[in-house]
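Asks: Per the working numbering, residue 437 is the first one in the sequence shown, and the count goes up by one each step.
Glycine included, every Cβ here is placed at the ideal spot set by N, Cα and C.
Below you will find the structure I want to go over with you.
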Amino acid sequence: MIWKTFATLWVALLPATLAYSQAAATTLTIHADEPIAAVSPTLFGLMTEEINFSYDGGLYAEMVRNRTFHQTWEGVRYWYLVENGDAQAKMSVDRGTGPSSALNTSLRLDVEKADEHNQAGTLNVGYWGMALHSATSYKGSYYAKADSADLGPVTVSLVGDNTGKIIATATGPAPTTTWKKYDFTLKTGAIAASASNHLVLSVGHTGTLWLGLVSLFPPTFHDRENGNRIDLMEKLAAMHPAFLRFPGGNYLEGDHIAERFEWKKTIGPLVDRPTHPSPWSYHSSDGLGLLEFLEWCEDLKMHPVLAVYAGYSMAQEHVNPGADLEPYVQDALDELEYVTGGSDTKWGAIRVQNGHPQPFELTYVEIGNEDNFDKSGSYEGRYAQFYKAIKAKYPDLQLIATMPLKGMKPDVQDDHYYVRATQNFKDAHHYDKVDRSGPKIFVGEWATREGLPTPDFNAALGDAAWMTGLERNSDLIVMAAYAPLLVNVNPGGMQWETDLIGYNTMKSYGSPSYYAQVMFASLIGDHTVASSVEGPSPKFFYSITKNTPKKLLYLKLVNASSTPLPLQISFGSNKVMPEKSTLLTAKDTRATNSIDDPNRIVPVESSGTHAIGSSFSRTLPPYSIQVIQYEER
Ligand code: AHR
437 MIWKTFATLW
447 VALLPATLAY
457 SQAAATTLTI
467 HADEPIAAVS
477 PTLFGLMTEE
487 INFSYDGGLY
497 AEMVRNRTFH
507 QTWEGVRYWY
517 LVENGDAQAK
527 MSVDRGTGPS
537 SALNTSLRLD
547 VEKADEHNQA
557 GTLNVGYWGM
567 ALHSATSYKG
577 SYYAKADSAD
587 LGPVTVSLVG
597 DNTGKIIATA
607 TGPAPTTTWK
617 KYDFTLKTGA
627 IAASASNHLV
637 LSVGHTGTLW
647 LGLVSLFPPT
657 FHDRENGNRI
667 DLMEKLAAMH
677 PAFLRFPGGN
687 YLEGDHIAER
697 FEWKKTIGPL
707 VDRPTHPSPW
717 SYHSSDGLGL
727 LEFLEWCEDL
737 KMHPVLAVYA
747 GYSMAQEHVN
757 PGADLEPYVQ
767 DALDELEYVT
777 GGSDTKWGAI
787 RVQNGHPQPF
797 ELTYVEIGNE
807 DNFDKSGSYE
817 GRYAQFYKAI
827 KAKYPDLQLI
837 ATMPLKGMKP
847 DVQDDHYYVR
857 ATQNFKDAHH
867 YDKVDRSGPK
877 IFVGEWATRE
887 GLPTPDFNAA
897 LGDAAWMTGL
907 ERNSDLIVMA
917 AYAPLLVNVN
927 PGGMQWETDL
937 IGYNTMKSYG
947 SPSYYAQVMF
957 ASLIGDHTVA
967 SSVEGPSPKF
977 FYSITKNTPK
987 KLLYLKLVNA
997 SSTPLPLQIS
1007 FGSNKVMPEK
1017 STLLTAKDTR
1027 ATNSIDDPNR
1037 IVPVESSGTH
1047 AIGSSFSRTL
1057 PPYSIQVIQY
1067 EER
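Printed below as a string of structure tokens:
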């Protein structure tokens, strides 16, 4: 993470007279000894789904695109025929044979002419290339069979797009006439890091070769097999996320019932996962399946917030409550058993067999997604049916409804907000007066949508204003998550504008909104304290939380105005010492970060003056988001 640290610079907290010309001061009075409400320990977390190439071509580190040879009207995309020298071959999809019943099609290569020096084969171009680094091992595998053992060995190579040079190569044994998996490792030497590379599989004899499930992985976070990209996992870790909501979003529902996230088809060996169409216009490999979501939680110490399919898909297809819905309810019960059950349960034992002996802890389960879009009005009945069945077996689980219900009070209600910054400035106090006797609130998706592919500074200001409201009301709001989280910024990578973290094949960056999230989640107390504000405060937003055992106060201060805000911060008779501050600011609302300019707007840390007192005169810079830590003395 890039943070600018100026140990003695205290720009943001300079006495007002030094930094800017003096205007009428706004006074913020803080009663540090008057707790108001407990802060939810799970307030800030992550919401993800397969959108914007978040997993395939994103977090999930697989380098081979369309590794299962899925065919569309455009053919087998991302795979091309290789005929070196005078080699001759034909490439087609064979729907009659594949490495498993789940993957029952394959790539068929009929080699009419080839020799050791003039090989024929196929190449894969990856997700906008393949990122290769110096002295790095890439682990791969493929399934293959041949019409006869005479076909000879299969050569696997990484080749530079622009140089045509082989960067790393390995030779596998001659495939037999039955399907078998072959593993290989490709190690690069001293090379300049680049994404302009592709993978070639070729043979030097005539005959027929069938290929299935071709895979290649770079080193992954925590060295997990079938794991995640290191740079993106590190960026997520820096957000201190308390939970992960998965698998969607629309991705849970699918456009059609047959295209929902069917968790049973996403577990076990990759070769047994049939893959499925996602609602975001591309096909999902399901390499990041149910167990991988849970392991992702484990890696970042997040609570899983599991969304179960609840009988509604987006093309207005729904399942009627009652007998029709029963198989879906049972499927959710099986899923909960897979996640939480011991090895003595049917689905717990399957999880153990899949490589995870320990059950996962689960508190929250969401029933569906955005069921307010279901025009049939069936959600009340569907939620009630899931609720009854799940509570009967798991009474402690908290069940989240995806819309307000009339007939019953759900444990938690999921509210979604996609707005402009002005709306968030107006709405920062939205939850201040909400009745506390209703359901707890999960703000399961929210974002200020300004800027693409990632938010600009105005969006970050809107987000920060909104987050002050989330913090202030976190007795009611148990969890909140920005969405969407990830976007591949390559052409065609984005389906939804304004996403928190951008990346291409080689690198990633955080938007200003990302840094605002990092700042808010990094320093948060266990309860809010009483406070009041007096004087002019246009576009000024704040929240104050206290870490009781450590006697630390965290002030989140947002000045969304184009002018500086002179601020008098008063602690009454309490004595405090400013310890440190982190400032995120920009010269213009449209300023932003990008893949080629990733550090234009990053948090600047400053150490405090360490002057003990009970009143401090500060000026908040224009367009600024700031977190100040005070220690009680
Ligand atoms: O975050 C993008 C989409 O917005 C989600 O899939 C859906 O739940 C919401 O409508």
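Would you kindly work out how many angstroms separate the C-alpha atoms of Lys701 and Arg1054, rounded to a whole number?
Replies: 57 angstroms
Asks: Decide yes or no for the touch test of the stretch 680 to 689 against the stretch 482 to 489: beta carbon pairs closer than 8 angstroms, at least 3 of them.
Replies: yes
Asks: Hey, which unbroken runs of the beta strand (DSSP E) at 3 residues or more fall wholly within the stretch 842 to 903?
Replies: 848 to 855, 876 to 884
Asks: Classify Ser537 as buried or exposed, calling it buried when 16 or more other Cβ atoms lie within 10 Å of its own Cβ.
Replies: exposed
Asks: Label Gln1062 either buried or exposed according to how many other C-beta atoms from any shown protein chain fall within 10 Å of its C-beta, with 16 as the threshold for buried.
Replies: buried
Asks: Measuring alpha carbon to alpha carbon, tell me which residue in Glu797, Ala966, Leu772 is nearest Lys827.
Replies: Leu772
Asks: Thinking C-alpha only, which one of Ile603, Lys617, Leu635 is nearest Pro609?
Replies: Among Ile603, Lys617, Leu635, the Cα nearest to that of Pro609 belongs to Lys617.
Asks: Quick check on the burial criterion: 16 or more other C-beta atoms within 10 angstroms. Buried or exposed for Ser749?
Replies: buried
Asks: With 16 other CB atoms within 10 Å as the buried threshold, where does Gln849 fall?
Replies: Under a 10 Å Cβ-count criterion, Gln849 is classified as buried, with 16 or more other Cβ atoms of the shown protein chains found around its own Cβ.
Asks: Identify whether Trp646 lies in helix, strand or coil by the three-state DSSP scheme.
Replies: strand
Asks: Is the separation between the beta-carbon of Tyr800 and that of Gln821 shorter than 9 angstroms?
Replies: no
Asks: Can you check which of these residues, Ala474, Tyr563, Glu510, is closest to Gly928 by C-alpha distance?
Replies: Distances from the alpha-carbon of Gly928 to those of Ala474, Tyr563, Glu510 put Tyr563 closest.
Asks: Quick check on Thr607: buried or exposed, where buried means 16 or more other Cβ atoms within 10 Å of its Cβ?
Replies: exposed
Asks: Closer than 7 angstroms by C-beta to Leu959: which residues in its own chain qualify, once you throw out the five before and the five after it? Chain order, please.
Replies: Tyr990, Val1063, Gln1065
Asks: Return the CA-CA distance between Leu1056 and Ala857, expressed in angstroms with no decimal places.
Replies: Cα-Cα distance, rounded: 19 angstroms.
Asks: Does Ala626 have its Cβ less than 9 angstroms from a Cβ in chain B?
Replies: Of the protein chains in this structure there is only one, and it is not chain B.
Asks: Tell me the residue span of the beta strand (DSSP E) that contains Ile603.
Replies: Per DSSP, Ile603 belongs to the beta strand (DSSP E) from 602 to 608.
Asks: Does the beta-carbon distance from His852 to Val870 come in below 9 angstroms?
Replies: no
Asks: Tell me which same chain residues have a C-beta within less than 8 angstroms of the C-beta of Phe505, skipping the five on either side of it?
Replies: Val512, Trp515, Val529, Thr541, Ser542, Leu543, Leu647, Gly648
Asks: Would you check if the distance between the CB atom of Tyr819 and the CB atom of Pro793 is smaller than 9 angstroms?
Replies: no
Asks: Considering just the uninterrupted stretch of the alpha helix (DSSP H) at Met955, what are its terminal residues?
Replies: 948 to 958
Asks: Please go through the same chain and pick out, in chain order, the residues whose beta-carbon is closer than 7 angstroms to the beta-carbon of Glu816, but skip the five residues on each side of it.
Replies: Leu841, Lys842, Gly843
Asks: When you measure from the CB of Pro713 to every non-hydrogen atom of the ligand AHR, does any distance come out below 8 angstroms?
Replies: Incorrect: Pro713 has no Cβ contact closer than 8 angstroms to the ligand AHR.
Asks: Would you say the beta carbon of Tyr687 comes nearer than 8 angstroms to a heavy atom of the ligand GTP?
Replies: Of the ligands this structure carries, namely the ligand AHR, none is the ligand GTP.
Asks: Give me the Cβ distance between Ser1006 and Ser1050, rounded to the nearest whole Å; I'm assuming they're in contact under 8 angstroms.
Replies: 7 angstroms
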